[in-house]
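374 is the number of the first residue of the sequence shown in this note's numbering; add one for each residue after it. See below for the structure under consideration.
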Amino acid sequence: MNKVLFFAHLRDAVGKEFLMLDASGKTVAELKEDLSNTYHLPKMDTVMTAVNEEFAPDVVIIEDGDEIAFIPPVSGG
């Protein structure tokens with residue numbers, strides 16, 4: 374199982390701070406696509422991803438037990 378964390382507007386769209394699901398064997402890109410389709414998440418292509426607290430590109434393959442966090446770009450001033 375994998376813990377998938379959501380921040381900012383993604384958390385609002387999913388309605389939860391995190392989900393527990395089996396994403397092992399998928400790439401980060403595949404997980405983004407699955408979640409986007411299931412929860413109608415906007416602009417997942419601009420979201421940064423961390424796997425086990427390290428930023429990860431879309432080609433990283435998720436392993437059982439990995440923690441994945443999706444962090445949308447932040448602007449401020």
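No residue lacks a Cβ here, since even glycine has one placed at the ideal position from N, Cα and C. In this text, all values refer to a predicted model and were calculated from it rather than measured experimentally.
Specify, as a first and last residue, the run of the alpha helix (DSSP H) that A381 falls within. If you number the sequence shown from 1, residue 381 lands on position 8. That residue, A381, is in no alpha helix (DSSP H); it is neither H nor E in DSSP.
One question on the structure: do F443 and V424 come within less than 8 Å of each other, judged by their Cβ atoms? On the sequence shown, position 70 is the one that residue 443 refers to. On the sequence shown, position 51 is the one that residue 424 refers to. No, Cβ-Cβ distance for F443 and V424 is not below 8 Å.
Out of curiosity, what's the CA-to-CA distance linking M417 and N375? As a working note, residue 417 is residue 44 in the sequence shown. As a working note, residue 375 is residue 2 in the sequence shown. When rounded, the distance between both Cα atoms is 19 Å.
Measure how close the beta-carbons of R391 and L378 come, nearest whole angstrom, since I'm counting them as under 8 Å. Against the sequence shown, residue 391 aligns to sequence position 18. Against the sequence shown, residue 378 aligns to sequence position 5. A quick correction: the sequence has Phe, not Arg, at residue 391. The C-beta distance from F391 to L378 rounds to 5 Å, short enough to fall under 8 Å.
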